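Residue numbers (the numbering used here): 837 to 1822.
Notes follow the structure.
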Amino acid sequence: MNADPPIPPIPLPAALTGRSALLDGLGPVLGRRPSVVVITGEAGVGKSRLVRELLTRTRSSGTPALAARCREPDASLPYAPIPDAASPYTSLPYTPIPYAPLPYTPIPYAPLIEALSRCRPRPEDLPPVTGALRGLLPELADLLPPAPPPADDPLAGQHRVLRALCALTASLGRVVLAVEDLQWADGSTAAFLHAIVADPPPELGLVLTARRHTPPHTGTEGGDGLPFPLRPPAHVVVAERHLAPLSVAETGVMAAGLLGARAVPEEFAERLHRWTGGLPYVVEEVLREWSDSTECPAGTAGQPEPPLPASVRRAVVERLRRLPSDARRVVTAAAVLGDPAPVHLLGAIAGLAEQETRRALAAALKEGVVRAGDGTYAFPYELARRAAYEAVAEPERPVLHLRAARALTRCTGPLPLVRVAEHYRCAGLRTQAVRCLEAAADRAARGGDAGTATDRYLDALRGGPSAVVRDRVALKLARVALNARTGPQVPAALREVLDRSSLGPGPSGEIRLLLGLLLRNQSGSGLEALEEIARAVPDLLAVSTGQAARALAIIAIPSLKGWPVGEHRRLLAEAERLLPQVDEEDLRSAVLANRATALALMGDPSAWDAVADLPEAITGEAAARVHANLAGAATALGHPERARAFQDQAWQAVRTNQAPYLEAFVETTDMLAAFTSGRWAGLLERAERAEGQYQDVPDFHAEALLVCGLLRLHTKGQTDVARRLLDRAISTTALDTGIVLTSAAAAVVRVHLAADRPAQAVQAAEGVLHHVRRTGAWAWATALAPPAVQALIRDGRDGEAHRLVAELADGIARRDAPAARAALLTCRALLTAPDGPQTGAGGSDALHAAAADAWAALERPYEAAYVREAWGLRLLAAGAVGGRTLLHEAIAAYQDIDAVWDVLRCQRGLREHGQVTVRRPGALGYGDHLSPRERAVARLASLGLSNREIARELVLSHRTVEHHVARALRKLGVSSRTEIGSQLGP
């Protein structure tokens, strides 16, 4: 077995990952003679590959290079590596001397034969003693002097051969000799190298490699695994280098090269490094397991642990076989434990005393089976541990796991409950395993770590507990999961427990209530969640009025995908009726918090009194939840100052509690407020980050998608990208309390109107308007009503537009909804004809001005600018004065918030009405590269859209689109629109 396993057939990277600087530094060392380079490192770290590259560079400079490799002692003859290197006929089979010469180029053996042919010694340069090599090197018989007579003393004969090899090496002149795997050098080879190092020929460059942790071969073992002390004369240039495993980043670079990818995800690189320890050989072997798969493992989310490569298994098992019996027992204990462990723990599992354990570990360290660090010992990489564990006989594993569990319970410090549970499970003791998992979850819950607690309770349920334990754990899981960002596995586990019908009314009702909350808040099941909570109320009433009131107050919170607002008000009245009978302070606080949230979302004028009545006992996670709810309601209804105050209180509560769900809740609420108030700087990056992070919570994910889509539309003009994001937001949101559905639909309506597609604009509004009409939640129609009215008017459906405005007015008549009233003013302004010479207080100008002022007072600059835009275009169309000024005011307002798409729309409106706009100086030049606008035009052209369709889509003039298409064709070097797609790139 070689020190470094042979290079596998998987293509090698063009460059040595993480070794380039080392290689560059060793070249000059070998350029100075005589010189000695020593390279050490563990098996698989890449010593052979480094030597190969080093010798290739040496040969490229015209210097011959000879390579040899030592074999395990029982597989080699005295001086076996030396004849291998010296013989020019190494391609021929030579049974007594097994070897594997290292090829320097893809042509087998050619470089070695060429080098030896140039370096063949001249017979006249060979001293008589080299004739002693005729028996070892018959290939050089025509060059060597006659063989001397046999020596009478065997030791004298051996010494003569040693002198002959040294003399032959010296006769080769300027040459590099590389000898690998010196930890397996036999005594004769070690003696030869010792002699060469002590008195090297003047033109020799010597490269030696060895493993670091190997048993000594002689009593004079040198450092770093060499079988002799490295003591060259002072004039010899010496370089000693130790190869460390690759870092995580270097492992990722190597994996990308082997997989033919630009890069691999950081998460995959980290897992690959954990599996392989950063050893290049093991990395290659692991990736070879996927070489025939259709999908790169690095691109697969949640990739499972890789299969154990057979070559890695063999390497580990062979090392284990070389260990003494006690060392194998300790290594087995380490494999069972899995994690780094101290001496006493390994000894307890192996059944050895401390001194025996230490001696066993010393042997394992020398063989490189384990590594030491901070007083603990562990395998160098996970696959090595797996190989050692799988080598343990199946019947012995439960016994060892039970020893491990008991030993861990005797350790000082916090009890590693999860590890103990796993060992109990592997020992077949399920009851003890579940008990430990439940205790671990309880500890995490007490520490405020809801995510970890949720995972541990799930593990306990999967462990097959008794009915009593199962019901108890399920209730704990339901309580803690609300503040964790869970997946579908939690509702599934709770439903399974409920279906067993072993719970009493109290636990059953509470679990069903909490299950409904999970479905509502995190799983995207809106109406299903409400119905689940409603089913919990009868069970809860039988045991706890407070819990029943809490359930009623929760389902009283309205939503666009929920029940009609009237039904929510009825449920809230039921909760209020039960409230005087609630004595528990925490339940009473929860009911009051949900009551305030429900009233605020409905736009009920009494909501703020309900907020003032909230008890001071609401703190921590409950405070974060209620204030985030109130901040969202205040933003949607048009109370910016209240929204800011509630948001500040929510952030303060979140920062003092570790609740991932609530942190996401407050963050997305804050993003919506930032968009509504025109604080768009840096918001797109923030929203895109949230979109990636919150995909497991539908409503938060939908809100992030909404903000991404709106900003892609307004600040980038990317209508196609924006519409995809907005469509995803609409389909993702579970219940929606007033913003996602209406805002997304309003943006799509504006896109259609800008492209002169009023019928499609009306169609885009109808679905969400149906939700508004069904629920009666007109206070949430703020964003959608004005563009919907515009769409109806432009589609010639004035009667429907008037009916929509009347429905809005009636729906918000008794609501505290300033934003909805501003929207109503805007709709009424849109319905009026332009003012004539005599302007009245109720005329179009007055209504537009009142609407713009209302939006400005609500700190909504976008809506205020939109009103001025519509007002200005109305005046320009009627030939009235002031239209140009209003549009320029709208443009300035849009520019203040970076609403580029809206600026372009206004500028097109001015051009269509004969108003010339002056471009600002200093436009950015893009040279031979496509500008963002040219790229957008080119992409739509590649999809088959005509210039007129592109103009409508991007809010540009037809002539501007023609210019952009022409410039894109020139810059891309194509002659037709059909060729654009292949040249455009991603």
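For glycine and all other residues, C-beta sits at the position ideal for the given N, C-alpha and C.
Only a predicted model underlies this, so the values are computations on that prediction, with no experimental measurement involved.
Residue burial classification, residue i (beta-carbon count within 10 angstroms, cutoff 16)
i	result
A1419	According to the sequence shown, residue 1419 is Asp rather than Ala. By the neighbour-count rule (16 or more Cβ atoms within 10 Å), D1419 is not buried but exposed.
A1409	exposed
H1475	buried
R1321	buried
L1042	buried
A1649	exposed
A1146	exposed
E878	buried
G1809	exposed
Q1823	This structure cannot settle anything about residue 1823, because the visible part of the chain is limited to 837 through 1822.
L1197	buried
T1005	buried
E1499	buried
A1713	exposed
E889	buried
R907	buried
Residue(s) in a DSSP beta bridge with residue i
i	result
H1078	T876
L1209	Sequence check: residue 1209 is Gly here, not Leu. Paired residue(s): T1212.
V1073	S871
R905	E1016
G1398	The partner list for G1398 (beta bridge, DSSP) is empty, contrary to what the question assumes.
T1045	I875
V1011	L1040
A1669	In DSSP, A1669 forms no bridge with anything.
A1824	Lying outside 837 to 1822, the shown extent of the chain, residue 1824 is not represented and no answer is given.
Spatial neighbours of residue i in its chain, beta-carbon cut-off 6 Å, leaving aside the 5 residues before and after
i	result
P1594	A1627, R1630 and D1631
A1275	L1253
A1000	V965, T966, A968 and L969
H1259	H1237, A1240 and A1241
D1295	L1273
A1538	A1565, T1568, T1569 and V1576
A1446	R1431, A1432 and L1435
L979	P959
A1389	A1411, V1427, N1430 and R1431
R1515	none
Own chain, CB closer than 7 Å to residue i, minus 5 neighbours either side, in chain order
i	result
A1726	A1701, R1704, E1705, G1708 and C1742
L1666	P1622, V1625, Q1626, I1629 and A1706
R1194	V1179
L1766	A1774, A1804 and K1807
A1582	A1619, L1620 and P1623
L1123	I846, A1091, L1094 and L1095
Same chain, Cβ closer than 8 Å to residue i, five either side skipped, listed in chain order
i	result
T1578	L1396, V1604, V1608, W1616, A1617, T1618, A1619 and L1620
G1843	The requested residue 1843 does not occur in the structure, where the chain is confined to residues 837 to 1822.
S1513	P1476, E1695, R1696 and P1697
So does the stretch 1008–1019 actually touch the stretch 976–989, counting three or more Cβ pairs closer than 8 Å?
no
Between the stretch 1081–1099 and the stretch 1109–1117, do at least 3 Cβ pairs fall closer than 8 Å?
yes
Alpha helix (DSSP H) segments (min. 4 residues) lying fully within the stretch 1306–1378:
1325–1335 and 1341–1357
Are the stretch 1491–1504 and the stretch 1606–1618 touching, with three or more C-beta to C-beta distances below 8 Å?
no
Evaluate the contact criterion for the stretch 1243–1259 versus the stretch 1166–1183: three or more CB pairs, one atom per stretch, below 8 Å.
yes
Evaluate the contact criterion for the stretch 1715–1729 versus the stretch 1770–1786: three or more CB pairs, one atom per stretch, below 8 Å.
no
How about the stretch 863–870 and the stretch 1068–1076: do they share at least three Cβ pairs that are nearer than 8 Å?
The stretch 863–870 makes contact with the stretch 1068–1076; the number of CB pairs closer than 8 Å reaches 3 or more.
Specify whether the stretch 1211–1231 and the stretch 1156–1170 touch according to this definition: at least 3 beta carbon pairs, one from each stretch, less than 8 Å apart.
yes
Looking at C-beta atoms only, is the number of pairs between the stretch 1435–1444 and the stretch 1649–1665 that lie closer than 8 Å three or more?
yes
Measuring CB atoms only, is the stretch 1300–1310 touching the stretch 1261–1278, in the sense that at least three cross pairs come out at less than 8 Å?
yes
Please determine if the stretch 992–1009 and the stretch 1020–1038 are in contact, where contact requires at least 3 C-beta pairs separated by less than 8 Å.
yes
Curious, which full-length alpha helix (DSSP H) runs of at least 4 residues does the stretch 1077–1128 contain?
1084–1095, 1102–1112 and 1116–1124
Entirely enclosed alpha helix (DSSP H) segments - the stretch 1753–1816, minimum 4 residues
1768–1778, 1783–1790 and 1794–1808
Does the pairing of the stretch 1517–1528 with the stretch 1313–1320 give three or more beta-carbon distances under 8 Å?
no
Does the stretch 1331–1342 come into contact with the stretch 1366–1380, if we say contact requires no fewer than three beta-carbon pairs (one atom in each stretch) closer than 8 Å?
As far as the Cβ criterion goes, the stretch 1331–1342 touches the stretch 1366–1380, which means the pair count is three or higher.
Tell me whether the stretch 1458–1465 and the stretch 1473–1488 touch, counting them as touching only if at least three CB pairs, one residue from each stretch, are closer than 8 Å.
Segments in contact, yes.
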